[in-house]
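Residue 334 in numbering that gives the first Met the number 0 is what sits at position 335 of the sequence shown, and the numbering runs on without skipping anything. Backbone N, C-alpha and C define an ideal beta-carbon position, used for all residues, glycine too. All values derive from a computational prediction rather than experimental measurement. The block underneath contains the structure these notes are about, expressed in structure tokens.
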Amino acid sequence: MNFDALKQNDPRLAELLASERERRQETLDLIASENLCPKGVREAVGSILTDKYAEGYPGDRWYGGCGVIDAVERLAVDRGKQLFGCDHINVQPHSGSQANMAVYFAVLEPGATILSMDLTHGGHLTHGKKANFSGRLFHITHYGVSAETEQIDYDAVAEKAREVKPALIIGGASSYPRRIEAARLAEIAGDVGARLMIDMAHFAGLVAGGVHPDPVPVSDFVTGTTHKTMRGPRGGFVICKQEYAEAIDHAVFPGLQGGPLMHVIAGKAAAFALAMTDDFKAYQAQIVANARAMADEMASLGYRVVSGGTDTHLFLVDLTPLGLTGGQVQQWLGAAGIVLNKNVIPFDKRPSTDPSGIRIGTPSITTRGVVEDGVRQVARWIGQVLKAEAPARAAEGLRAEVLEFCRSHPIPD
Ligand code: DSN
0 MNFDALKQND PRLAELLASE RERRQETLDL IASENLCPKG VREAVGSILT
50 DKYAEGYPGD RWYGGCGVID AVERLAVDRG KQLFGCDHIN VQPHSGSQAN
100 MAVYFAVLEP GATILSMDLT HGGHLTHGKK ANFSGRLFHI THYGVSAETE
150 QIDYDAVAEK AREVKPALII GGASSYPRRI EAARLAEIAG DVGARLMIDM
200 AHFAGLVAGG VHPDPVPVSD FVTGTTHKTM RGPRGGFVIC KQEYAEAIDH
250 AVFPGLQGGP LMHVIAGKAA AFALAMTDDF KAYQAQIVAN ARAMADEMAS
300 LGYRVVSGGT DTHLFLVDLT PLGLTGGQVQ QWLGAAGIVL NKNVIPFDKR
350 PSTDPSGIRI GTPSITTRGV VEDGVRQVAR WIGQVLKAEA PARAAEGLRA
400 EVLEFCRSHP IPD
């Protein structure tokens with residue numbers, strides 16, 4: 000997109016968008032939840048569909064003129080069903096948060112008990128944080144990771160489920176580097192008469208690419224986002240068994256949202272088509288290979304990788320042995336052109352505002368064509384900053400090398 004009209008009508012905004020593009024070109028994005036959305040998908044999101052109101056569902060709208068819109072949403076739905084092999088998918092949630100909310104509102108009464116992963120062990124805001132709607136409206140109980148393995152202890156989850164008798168068990172996380180064993184969670188849910196929701200917002204692309212166990216056949220609900228490993232437009236979706244289709248659709252509209260963002264739904268249709276290609280499967284395998292190689296390099300440099308490694312697109316480094324904080328490291332690496340985020344680690348003794356860890360993800364740099372030798376180099380740069388006596392200076396000293404690396408792996412158009 001060349002922003003011709005914007006440059007003319009609103010040069011200040013055009014300049015800001017150009018600056019953001021330049022920032023991306025010249026830095027390495029290791030934020031695990033970010034990616035680089037392809038141009039075709041961005042064209043769909045930037046299209047005239049933004050103008051159209053279409054409250055309702057295909058064939059049953061509250062507005063006229065929805066013939067084409069219906070075809071677009073049906074395309075997204077059909078592709079989503081084919082991609083994930085599911086009975087039903089609702090592509091209207093504006094975000095992963097609203098997708099989760101739709102499941103809760105479809106099958107739970109306020110005050111119902113939810114069993115989910117503790118946010119401080121890797122869970123998500125919408126899985127019951129007090130400040131979030133989920134924590135305010137429902138009775139939240141948590142499971143976490145084992146102190147020894149830093150991985151989910153499914154026997155402990157089963158014990159907790161027997162104790163609290165949840166109406167809903169949630170699997171899925173935003174900073175857990177290991178696979179979510181949905182089949183095991185389904186057994187646990189079955190034993191206590193709970194429903195199971197897997198939030199695959201982070202790993203939906205891995206599932207679509209066949210490099211993560213598929214939660215769809217064993218779960219009542221699977222929620223996701225389209226902008227993380229899926230590499231599509233910013234947005235959410237809910238997959239469910241046929242018996243819940245009506246309740247989910249009703250919860251999304253009119254329960255939570257008004258008009259769907261039809262331009263984003265068009266982007267989801269485009270992203271789902273791309274996700275069915277062999278290139279996408281190879282991309283997902285490379286994301287995981289890169290995360291493993293990078294975690295391995297960090298570990299061999301002597302840094303503590305939480306749970307000893309990763310099976311997914313992300314891993315955590317514990318800075319406690321170095322006496323550093325996630326906030327400091329995020330800032331120093333930013334000066335080198337390496338962008339990541341501070342993150343809590345399991346059993347963190349520091350506050351979440353400046354926790355003991357950093358989270359490192361490979362979706363975005365893998366989109367730029369970086370493979371194992373490249374991510375190992377990035378790990379060594381991070382190591383140089385972590386071990387430096389003057390980390391801020393060390394980071395600045397790396398900037399030129401990082402910039403050259405970025406330029407040799409340009410972001411796609
Ligand atoms: N905020 C996202 C993340 O960074 O993981 C999850 O919603």
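Would DSSP call residue 131 helix, strand or coil? Numbered from 1 along the sequence shown, position 132 holds the residue referred to as residue 131. The answer is coil: DSSP assigns residue 131 none of H, G, I, E or B.
Three-state secondary structure (DSSP) at residue 115? Along the sequence shown, read from residue 1 onward, the residue named residue 115 stands at position 116. Reduced to three states, the DSSP call for residue 115 is strand.
Where does residue 5 fall in DSSP's three states? By one-based count along the sequence shown, residue 5 stands at place 6. If DSSP states are grouped into helix, strand and coil, residue 5 belongs with the helices.
Which one of 121, 88, 269 has the shortest CA to CA distance from residue 357? The residue given as residue 357 occupies position 358 in the sequence shown. Comparing Cα-Cα distances from residue 357 to each of 121, 88, 269, the minimum goes to 121.
Within its chain, find whatever has a CB closer than 7 Å to the CB of residue 93; leave out the 5 residues flanking it on each side and keep chain order. As a working mapping, residue 93 is identified with position 94 in the sequence shown. Here the set comprises 234, 235, 256, 260.
By alpha-carbon positions, which one of 239, 242, 229, 305 ends up nearest to residue 268? What you label residue 268 is simply residue 269 of the sequence shown in a count that begins at 1. Comparing Cα-Cα distances from residue 268 to each of 239, 242, 229, 305, the minimum goes to 229.
Are the CB atoms of residue 397 and residue 355 within a distance shorter than 7 Å? For the purposes of this step, residue 355 is identified with residue 356 of the sequence shown, where counting begins at 1. For the purposes of this step, residue 397 is identified with residue 398 of the sequence shown, where counting begins at 1. No, the pair does not count as a contact, with Cβ atoms beyond the cut-off.
Find out if the Cβ-Cβ distance for the pair residue 215, residue 85 is shorter than 7 Å. Within the sequence shown, residue 215 is the residue found at index 216, counting from 1. Within the sequence shown, residue 85 is the residue found at index 86, counting from 1. Yes.
Does the contact criterion of 3 or more C-beta pairs under 8 Å hold for the stretch 289-305 versus the stretch 374-383? yes
Under the DSSP definition of a beta bridge, which residues are partnered with residue 140? Counting from one through the sequence shown, the residue named residue 140 turns up at place 141. Looking at the DSSP assignment, residue 140 forms a beta bridge with 114.
Who does residue 196 pair with in a DSSP beta bridge? Taking the sequence shown and counting its residues from 1, the one referred to as residue 196 is at position 197. DSSP output for residue 196 lists 169, 220 as bridge partner(s).
Tell me residue 358's beta-bridge partners as DSSP assigns them. As a working note, residue 358 is residue 359 in the sequence shown. According to DSSP, which records beta bridges pairwise, residue 358 is partnered with 315, 340.
Chain-ordered list of residues that sit, by beta carbon, closer than 5 Å to a heavy atom of the ligand DSN: 32, 173
Would the stretch 27-35 and the stretch 363-370 be scored as touching if the rule is three or more Cβ pairs under 8 Å? yes
Going by the CB atoms, is the gap between residue 79 and residue 88 shorter than 7 Å? Stepping through the sequence shown from its first residue, residue 88 is reached at position 89. Stepping through the sequence shown from its first residue, residue 79 is reached at position 80. It is a contact, given that the beta carbons lie within the stated cut-off.
Go to residue 202, then tell me how far its alpha helix (DSSP H) extends in each direction, as first and last residue. Residue 202 sits at position 203 when you count from the first residue of the sequence shown. No alpha helix (DSSP H) contains residue 202, which DSSP labels as neither H nor E.
How is the alpha helix (DSSP H) around residue 83 delimited, first residue to last? Position 84 of the sequence shown holds residue 83. Start and end: 66-83.
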